[in-house]
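Student:
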Amino acid sequence: MNKYHQILNQILVNGETQQNKKGNIHFLLNQTLTLSPGDLLDIFEGHSIARKKLRSELKLFMSGERQVAKYREAGINWWDYCGSFLINSYPTYFAKLPGLLARIKREMRNSKNYVLFLGETGAESNQAPCLSLVQFQLAPDGLILSAYQRSSDANLGLPADLYHLYLMSREIDLPLKSITLFLANVHIYENNLDKTRLLLDGVENVRFELNV
């Protein structure tokens, strides 16, 4: 059982239940998930991830694109519920990433921790980022990524966020040592519990429901 499946199993076995306007959830608080490149390979090969769409999504985020229609044109329809425009959302923050990556590659300072902060601005928002902070640490022997998530849908959001973090690491000319996620609240929606059990039983191509 890979580390991703382990945290799914922990939620099923030890998770508490909470009422949520999007649907009841089973959740754990303050979990840490540290993944080596080998761990990431196990997850990406063993879990159905829309890699092409996620690559396109990150590129659109980094360009600052907030028109939902542009995401739909790239085959990404999971933002349709936001209406026609993403207000103060992921593109607002990820538009800072190209400049940060350029600075990292220019400076390459081991003594400095480079941070992408995806935080609250007080502006109206229809989808505040669940991924709140990404930190790039340059060790002598490689790159260490650390990220904080205030809330994580373990079935749909977590694998996508892991893949986005992996894509970010590929932009820096250093071997990746690890990605660590600090998960303040990691959860499975009640309507996806049985499908999660099927996934852990080895059933392929399990499709989870998006709760919005």
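Going by this note's numbering, the residue at position 167 of the sequence shown is 148; the numbering climbs one at a time, nothing skipped. Just so it is clear, CB atoms sit at the ideal spot from N, CA and C, and this is done for glycine as well. These numbers were taken from a predicted model, which means no experiment stands behind them.
Have a look at Ile153 and Cys63 and give me their C-alpha separation to the nearest angstrom.
Tutor: Stepping through the sequence shown from its first residue, residue 153 is reached at position 172. Stepping through the sequence shown from its first residue, residue 63 is reached at position 82. Their backbone Cα atoms lie some 32 angstroms apart in a straight line.
Student: For the putative contact between Leu9 and Asn(-5), defined by C-beta atoms under 8 angstroms, what is the C-beta separation to the nearest angstrom?
Tutor: The residue you call residue 9 lines up with position 28 of the sequence shown. The residue you call residue -5 lines up with position 14 of the sequence shown. Between Asn(-5) and Leu9 the Cβ distance is about 7 angstroms, and since that is below 8 angstroms, they are a contact.
Student: Return the chain-ordered ranges of every alpha helix (DSSP H) run that is complete within the segment 45 to 83 and spans a minimum of 4 residues.
Tutor: Complete alpha helix (DSSP H) runs here, min 4: 49 to 54 and 71 to 75.
Student: Quick one, which of Leu146, Leu126, Glu190 and Ile160 has its alpha-carbon nearest Leu137's?
Tutor: Counting from one through the sequence shown, the residue named residue 137 turns up at place 156. For Leu137, the nearest C-alpha among the options comes from Glu190.
Student: If you draw a straight line from the C-alpha of Asn11 to the C-alpha of Glu54, how long is it?
Tutor: The residue given as residue 11 occupies position 30 in the sequence shown. The residue given as residue 54 occupies position 73 in the sequence shown. The alpha-carbon atoms of Asn11 and Glu54 are separated by roughly 37 angstroms.
Student: Output the distance between the C-alpha atoms of Arg90 and Ser65, rounded to the nearest integer angstrom.
Tutor: In the sequence shown, the residue the question calls residue 90 occupies position 109. In the sequence shown, the residue the question calls residue 65 occupies position 84. Their Cα atoms are separated by approximately 41 angstroms.
Student: Give me the residue from Lys158, Ser37, Gln116 and Leu78 with the minimum Cα distance to Met16.
Tutor: Within the sequence shown, the letter at position 35 stands for residue 16. Position check: residue 16 holds Leu in this sequence, whereas Met was assumed. The residue with the shortest Cα to Cα distance from Leu16 is Lys158.
Student: State the start and end residues of the unbroken beta strand (DSSP E) segment that holds Val96.
Tutor: Against the sequence shown, residue 96 aligns to sequence position 115. Counting along the chain, the beta strand (DSSP E) containing Val96 begins and ends at Asn94 to Phe98.
Student: So for Val187, helix, strand or coil by DSSP?
Tutor: Against the sequence shown, residue 187 aligns to sequence position 206. Val187: coil per DSSP, three-state reduction.
Student: Of the choices Gly183, Ser150 and Asp134, whose alpha-carbon is the least far from that of Leu164?
Tutor: In the sequence shown, the residue the question calls residue 164 occupies position 183. Among Gly183, Ser150 and Asp134, the Cα nearest to that of Leu164 is on Asp134.
Student: Taking DSSP as the reference, what is the three-state secondary structure of Gln116?
Tutor: Your numbering for residue 116 matches position 135 in the sequence shown. Gln116 falls in the strand class under three-state DSSP.
Student: Kindly indicate the opening and closing residues of the alpha helix (DSSP H) around Glu26.
Tutor: Taking the first residue of the sequence shown as position 1, residue 26 is located at position 45. It spans Pro18 to Gly27 - the alpha helix (DSSP H) in which Glu26 sits, taken as one unbroken run.
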